[in-house]
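Have a look at the structure below before the remarks.
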Amino acid sequence: MKINHKALVTSLLVLSFGVALVANANHSWGSYHWARESNPFTLKLGDNVSASWDSYLNTSSSQWSLSSVLDTSVVAGGTNNTKGRSTPKNCVPTSGRVEICSENYGNTGWLGIAQIWVSGGHIVQGTTKLNDTYFNSGFYNTPGWRSLVVCQEVGHNFGLGHQDEDFNNLPVDPHTCMDYFVPDANEIVGPNAHDYEELDLIYSHLDSFNSYDDGSSGDSGSGGNGNGKGKPSIVNLDNPSEWGRSLKQDAQGKDNLFVRDLGNGRKVFTHVFWAR
1 MKINHKALVT SLLVLSFGVA LVANANHSWG SYHWARESNP FTLKLGDNVS ASWDSYLNTS
61 SSQWSLSSVL DTSVVAGGTN NTKGRSTPKN CVPTSGRVEI CSENYGNTGW LGIAQIWVSG
121 GHIVQGTTKL NDTYFNSGFY NTPGWRSLVV CQEVGHNFGL GHQDEDFNNL PVDPHTCMDY
181 FVPDANEIVG PNAHDYEELD LIYSHLDSFN SYDDGSSGDS GSGGNGNGKG KPSIVNLDNP
241 SEWGRSLKQD AQGKDNLFVR DLGNGRKVFT HVFWAR
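Residue numbers (the working numbering): 1 to 276.
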């Protein structure tokens, strides 16, 4: 008899946390999801990060792949970000996958940004940016903060929102990267059973096509290179003034979710993880 190891691991996680897989998860990001014809599907994460981030990206990929509906695969980066360069780059998206970038983006106030391009209700491409201006030294340069932020921003690229957004609250128990809290310095933060439950709900129905790069063609989805038409984006998403309309604020009173309407049912959502 063939054993489904992913299902077994997920069940053990759920039992250990005392959480039943019932339809009560509530932290999806606007119900947006990657279109796919079957579960589990494999989403590519483009590695455009420096060597100091590689282990955290690989660990986060492994953690999220414990989901029963989603696998991730770290692949060579496809954006214009170049490893070893100290100047900021745009982290240009690639249709059908997520590009993960790290750079010295400057004293912007944010630790990480996740952006998804949607067409109708489906995600067609995404990016995660990690701001080395804060992570290269000082308070945020710990395994705890690095694992928390990369895991959270990648989680947003799947369609997940936060479980809690108030740093003054006690951390969610068991800890999850989809929470705002101060991690222990050497803690490796990942998803918890509630996050896997939410992914099960988000990806409970199947679609008639794939919006992710399944390797069957050179252009999956309709995301293109920023505006959903296969052309370079005319929106400078490094500039906060280009993020569009604010949709919500975190418990600190800071705008942390934005939407930019690109027309024809296409939008860009920007989720911002602000430094404390």
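Every residue gets a Cβ at the ideal spot worked out from N, C-alpha and C, and that includes glycine.
Per DSSP, what kind of secondary structure is residue i in: helix, strand or coil?
| i | result |
| --- | --- |
| threonine 10 | Low local confidence applies: a pLDDT of 41 at threonine 10 is under 50, so the model's placement there is unreliable, and no value is given. |
| leucine 66 | coil |
| isoleucine 188 | coil |
| tryptophan 243 | coil |
| leucine 170 | coil |
| leucine 199 | helix |
| asparagine 210 | coil |
| serine 28 | strand |
| histidine 175 | coil |
| phenylalanine 158 | helix |
| leucine 262 | strand |
| aspartate 255 | strand |
| histidine 271 | strand |
| leucine 237 | coil |
| asparagine 48 | strand |
| histidine 205 | coil |
| aspartate 54 | helix |
Measure the CB-CB distance between residue i and residue j and report whether it falls below 8 Å.
| i | j | result |
| --- | --- | --- |
| tryptophan 64 | leucine 70 | yes |
| glycine 77 | glutamate 103 | no |
| proline 296 | asparagine 192 | Past the edges of the chain, shown from 1 to 276, lies residue 296, and the structure says nothing about it. |
| glycine 106 | threonine 133 | yes |
| tryptophan 243 | phenylalanine 258 | yes |
| leucine 148 | valine 49 | no |
| proline 40 | serine 68 | yes |
| histidine 122 | alanine 51 | no |
| serine 28 | glycine 159 | yes |
| glycine 265 | glycine 46 | no |
| isoleucine 116 | phenylalanine 209 | no |
Starting from the C-beta of residue i, find all residues in its chain whose C-beta is less than 6 Å away, skip the five residues before and the five after it, and write them out in chain order.
| i | result |
| --- | --- |
| valine 118 | Tyr32, Lys267 |
| alanine 114 | Thr128, Glu153, His156, Asn157, His271 |
| serine 60 | Val150, Cys151, Val154 |
| leucine 43 | Thr72, Tyr212 |
| phenylalanine 181 | Pro171 |
| asparagine 256 | Asp250, Val272 |
| asparagine 141 | Phe135 |
| tryptophan 53 | Ser102 |
Near residue i, what residues of its chain come up, given a Cβ to Cβ distance below 8 Å and the 5 sequence neighbours on each side ignored?
| i | result |
| --- | --- |
| glycine 143 | One detail in the question is off: residue 143 reads as proline in this sequence, not glycine. Correct list, in chain order: Tyr56, Ala185, Asn186, Glu187, Ile188. |
| tryptophan 145 | Leu111, Phe135, Phe139, Pro183 |
| glycine 109 | Trp274, Ala275 |
| cysteine 101 | Asn48, Val49, Gly77, Thr79, Asn81, Lys89, Cys91, Thr127, Thr128, Lys129, Leu130 |
| phenylalanine 167 | Tyr180, Phe181, Val182, Ala251, Gln252, Arg276 |
| threonine 176 | Gln163, Val189, Gly190, Pro191, Asn192, His194, Asp195 |
| aspartate 207 | Ala35, Arg36, Glu37, His122 |
| histidine 205 | none |
Beta-carbon within less than 7 Å of residue i's beta-carbon, same chain only, minus the 5 sequence neighbours each way: which residues are those?
| i | result |
| --- | --- |
| aspartate 164 | Val172, Asp179, Tyr180 |
| glycine 263 | none |
Cβ-heavy atom distance between residue i and the ligand FMN below 7 Å?
| i | result |
| --- | --- |
| serine 67 | Among the components modelled here there is no ligand, and therefore nothing to report on the ligand FMN. |
Any beta-carbon of chain B closer than 8 Å to the one on residue i?
| i | result |
| --- | --- |
| valine 172 | Reference to chain B is not applicable here, since this structure consists of a single protein chain. |
**Message:** Which runs of the beta strand (DSSP E) at least 3 residues long sit entirely within the segment 70–154? Give them in chain order.
**Reply:** 70–76, 98–103, 110–119, 122–131
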